[in-house]
Amino acid sequence: MGTKIALTGNHCASRAAALCRPDVIAAYPITPQSSVVESLADFVYGGKLDARMVQVDCEHSAMSVVQGAAAAGGRVFTATSAQGLALMYEPYFRMSTLRMPMVMAIATREMTSPESIWSGQQDVMSVHDAGWIQVFCESNQEILDMIIQGYRIAENPDVQLPVNICYDGFYSSHLVEGVDVPTQEEVDAFLPAYSLPAKLDPDHPQALDPMTPGALMMHYRRSHLEAMQTALNVLEDVDQEFAKAFGRSYGGAIDTYRLDDAEIALVTIGSMTGTARDAVDIAREKGIRAGLLKLRFFRPFPAAKVARALAGKKAFSVVDRSVCFGWNAGPMYVETCAALKDVDERFSHFATIGGLGGADISLDHLLTTLDLLNSSRNEPGKKPVNWLMVD
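Per this note's numbering, residue 1220 is the first one in the sequence shown, and the count goes up by one each step.
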């Protein structure tokens, strides 16, 4: 059996990464992610982890290093946030389109400018169409567990795609919770040693990523998208297998709370979800039939599951911690509406945006949002954006 200890979200990420026995780790610190790679450096140089730790000059180099190691058949890991993610975008995009499986933790952070180091999900939402699988974690335990699950998903022969484990900067990265840390033997049984089927070998030289004509590019993109859809089934299977091995299940691509008989629903992601559950409970005490849909995976987007979960509801609001600059809304709201047929005729709905730049999403904010949903539940159509402003 594992050990129950108190850890920050960042230390959950580093513990889990170490338990997965990476061959190569590339390290470059950036707030609020820094303690992930600092902790892994302690493991490596303290003799607790047999891995190659490469300290690089920037995040672009970090992703390039792990990309080369993955191409040679290694299991790799790194972590980043915000401007670091933006700086590594070129090899980040290439990592997915070369179909290199890996896991990278992202302690989410607002993007500059205006200048900020505080929480927000604008960084990872800005790269949601770069071909990576993206899962968002609510708790520190989920961070630890999803890094382990992430390798199982990424390395599945029918997926072969990199995975981002995303969690809210400072709210999750720096706050402490009690977590169950599994033993090395338990993780080894769940996550066997990995070897990439086609890898670079100095004894058998071959070209990696040569100039690609359009007809072949069409084949690559189609297979990538098909693998993304396959991942929707694989992640459900991995969640069930994890539950059998460790006794914890997260529901797969989505999770729900008091949603079956609900008339109105909040759609949330990440650490705000616990507060949203409290808001639902309080609304229920007032006789309001409220429920919650927690979106766990943003890529691949579980459109069919979202549509089924919201079927029969009268009203919903999606709470985004980022904005979609092409719309007066957040990206999660845009995706949710796209998943629903005839959304304006069937639902009263509106985008809710809050928590930018480290602003809190409070219980009062979410209770007010539920009141707005309840008052408009019999009036189908799109309503104005609900900005959760903090005075």
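Glycine included, every Cβ here is placed at the ideal spot set by N, Cα and C.
Among the options, nearest to residue i - alpha-carbon criterion
i: Y1247; options: T1299, R1234, W1351; result: T1299
i: L1454; options: N1359, R1240, I1372; result: I1372
i: M1611; options: G1293, S1581, T1431; result: A question about residue 1611 goes unanswered here, because the residues of the chain that appear run from 1220 up to 1610.
i: L1586; options: R1496, I1244, L1410, A1462; result: R1496
i: V1378; options: V1284, R1518, E1460; result: R1518
i: I1249; options: P1416, I1366, L1304; result: L1304
i: M1330; options: P1241, G1576, E1598, L1238; result: G1576
i: M1344; options: V1537, R1328, P1429; result: R1328
i: R1387; options: A1498, A1578, C1277; result: According to the sequence shown, residue 1387 is Asp rather than Arg. The shortest C-alpha separation from D1387 is found at A1578.
i: Q1430; options: D1561, Y1413, L1317; result: Correcting the residue type first, residue 1430 is Met in the shown sequence and not Gln. Answer by Cα proximity: L1317.
i: P1376; options: A1446, Q1360, C1356, L1607; result: A1446
i: S1253; options: E1396, A1462, C1277; result: C1277
i: L1529; options: G1369, T1494, A1557, M1436; result: A1557
i: S1414; options: G1545, P1320, V1398; result: P1320
i: N1605; options: I1572, P1599, C1231; result: I1572
i: K1601; options: Y1370, D1456, D1561, H1584; result: D1561
i: A1462; options: F1409, F1355, G1574; result: F1409
i: Q1448; options: F1389, L1380, G1466, L1435; result: L1380
i: T1402; options: E1460, F1355, A1464, G1369; result: A1464
i: L1607; options: E1598, T1588, N1597; result: T1588
Whole-angstrom distance between residue j and residue i, CA atom to CA atom
i: A1225; j: D1261; result: 18 Å
i: M1314; j: I1501; result: 45 Å
i: L1514; j: H1279; result: 30 Å
i: L1419; j: V1275; result: 22 Å
i: S1468; j: T1555; result: 24 Å
i: R1508; j: E1482; result: 5 Å
i: N1452; j: D1422; result: 37 Å
i: L1238; j: I1244; result: 13 Å
i: L1394; j: R1234; result: 16 Å
i: D1563; j: F1296; result: 43 Å
i: P1333; j: A1301; result: 13 Å
i: G1489; j: F1520; result: 15 Å
i: S1355; j: I1384; result: Reading off the sequence, residue 1355 comes out as Phe, not Ser. For F1355 and I1384, the distance between alpha carbons rounds to 6 Å.
Test item: CB-CB of residue i and residue j under 8 Å
i: T1222; j: V1400; result: yes
i: P1411; j: A1326; result: no
i: L1511; j: A1548; result: no
i: P1603; j: F1566; result: no
i: A1281; j: P1241; result: no
i: N1229; j: S1392; result: yes
i: R1294; j: Y1390; result: no
Identified DSSP bridge partners for residue i
i: Y1476; result: L1511
i: F1198; result: Nothing about residue 1198 can be reported from this structure: the residues present for the chain run from 1220 to 1610 only.
i: R1205; result: There is simply no residue 1205 to check, as the chain begins at 1220 and stops at 1610 in what is shown.
i: V1295; result: V1243
i: L1485; result: L1511, S1536
i: F1566; result: BP columns for F1566 are empty, so no partner.
i: K1223; result: D1399
i: M1272; result: I1244
i: A1523; result: Note: A1523 sits in no beta bridge, so no partner.
i: W1606; result: I1572
i: G1600; result: S1567
Heavy atom of the ligand COA within 7 Å of residue i beta-carbon
i: D1342; result: Of ligands this structure carries none, so the ligand COA is not represented either.
CB contact below 8 Å: residue i versus chain D
i: G1266; result: No chain D is present in this structure, which holds just one protein chain.
Review point. Do three or more CB pairs link the region 1331-1340 to the region 1532-1550 at distances below 8 Å?
Key: yes
Point to revise | Validate contact between the region 1586-1595 and the region 1514-1525 using beta carbons, cut 8 Å, 3 pairs | key: no
Check your understanding: Are the region 1436-1443 and the region 1467-1477 touching by the rule of at least three beta carbon pairs closer than 8 Å?
Key -> no
Review point. Should the region 1286-1297 be regarded as contacting the region 1347-1362, the criterion being three or more beta carbon pairs within less than 8 Å?
Key: no
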